[in-house]
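Undergrad: My questions all concern the structure below.
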Amino acid sequence: MRVFKLERYFARYEFQAKYLLSSSDCESLSQAELLALAGDDTRRMWEELILGYTESQGHPLLREEIAKLYENTSAEDILVAVPEEGIFLAMNSFPG
Numbered sequence: 001m002r003v004f005k006l007e008r009y010f011a012r013y014e015f016q017a018k019y020l021l022s023s024s025d026c027e028s029l030s031q032a033e034l035l036a037l038a039g040d041d042t043r044r045m046w047e048e049l050i051l052g053y054t055e056s057q058g059h060p061l062l063r064e065e066i067a068k069l070y071e072n073t074s075a076e077d078i079l080v081a082v083p084e085e086g087i088f089l090a091m092n093s094f095p096g
């Protein structure tokens, strides 16, 4: 198997360089830093979070927030899919 040069580059420099201009991810935040940006309602939701399944279309609040990003769209128009389901649906919808 050929060496994946980009991965070798990251293995060498990712945690040593002061600035990385070639990263494919965003700058990470600690959980405390992220929650410091949240409003009271959101912070309370996090504190009361239960790790379990939500509705099969996605959590209603998440769907509402996504719908607000678009004109003439309601939460009922939004479907949230986890990556493997989204990839499966996309790959099975392409012709050929």
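Residue numbers for the sequence shown follow this note's numbering, beginning at 1 and rising by one. Here a beta-carbon is modelled for each residue, glycine too, at the ideal position from N, C-alpha and C.
Kindly indicate which residue of Y70, S74 and E47 has the alpha-carbon position closest to the one of P60.
TA: Among Y70, S74 and E47, the Cα nearest to that of P60 is on S74.
Undergrad: Starting from the Cα of E76, find the closest Cα among P95, N92, E85 and E64 and give me that residue.
TA: The candidate whose alpha carbon is nearest that of E76 is E64.
Undergrad: Run through DSSP, which three-state label would Y70 get?
TA: Residue state, collapsed to three classes: coil.
Undergrad: Flag this pair as yes or no: are the beta carbons of L69 and A81 separated by less than 8 Å?
TA: Contact: no.
Undergrad: Run through DSSP, which three-state label would R2 get?
TA: R2 falls in the coil class under three-state DSSP.
Undergrad: Do I78 and I66 count as a contact pair if the criterion is CB distance below 8 Å?
TA: Yes, these two residues count as a Cβ contact at 8 Å.
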